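Residue numbers 1 to 116, in the numbering used here, belong to the letters of the sequence shown in order. By construction, the Cβ of each residue, glycine as well, lies at the ideal position given by its N, Cα and C atoms. Since we're looking at a predicted model, the values are computed, not measured.
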Amino acid sequence: MKWKFYPTNFYWWVNKGADLPLYMADEHHPLFAKITVDDAKWHYHGVYLPPAHAEPILVNELGEAIIYADRESYPGNLYLTTLDPDYHLGQGFIPKVEHFLDAYLEWVEEDMRSNG
């Protein structure tokens with residue numbers, strides 16, 4: 001897997017009218033039946049440059065992957081994200097990560113059953 005560094009903007013949200021440009025790679029992706037793009041907006045730590053056969057799910061304004069699934073490179077499925085909901089759930093600083101992490105893991109489990 002290839003990862004690309006970007007400086008993390010931890011406090012973009014303190015500026016009135018600011019937005020973190022994240023987008024659905026496919027608006028019909030099943031993950032987005034469980035979360036909205038806004039649910040994933042706190043900050044991210046770089047991006048992935050997935051292989052051509054992988055499935056980008058959440059991307060930045062350049063189309064670089066924040067979340068992607070790779071079901072072909074290895075004998076199992078990979079679900080990668082540069083978001084860090086597990087850290088912030090434990091820290092308790094960003095309340096919406098609890099819903100995000102619950103929904104994300106539910107989707108991963110469903111995807112593993114249907115694409116495993």
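Kindly identify the DSSP beta-bridge partner or partners of residue i.
| i | result |
| --- | --- |
| I67 | L58 and T81 |
So, with DSSP's three-state summary, where would you put residue i?
| i | result |
| --- | --- |
| L49 | coil |
| M112 | helix |
| Y23 | strand |
| W3 | strand |
| K34 | coil |
| E106 | helix |
| E72 | coil |
| W12 | helix |
| K41 | coil |
| G17 | coil |
Kindly list the residues whose CB is nearer than 8 Å to the CB of residue i, restricted to its own chain and excluding five residues on each side of it in sequence; keep chain order.
| i | result |
| --- | --- |
| N9 | L20 and H43 |
Return the chain-ordered list of same chain residues with a C-beta closer than 7 Å to the C-beta of residue i, the five sequence neighbours on each side being excluded.
| i | result |
| --- | --- |
| E72 | H53 |
| K2 | Y48 and L49 |
| A33 | none |
Quiz item: Are the region 71-87 and the region 26-46 touching by the rule of at least three beta carbon pairs closer than 8 Å?
Solution: Contact between the region 71-87 and the region 26-46 is established, with three or more Cβ pairs separated by less than 8 Å.
Quiz item: Does the region 29-43 come within contact of the region 92-106, defined as at least 3 CB pairs closer than 8 Å?
Solution: Yes, they touch.
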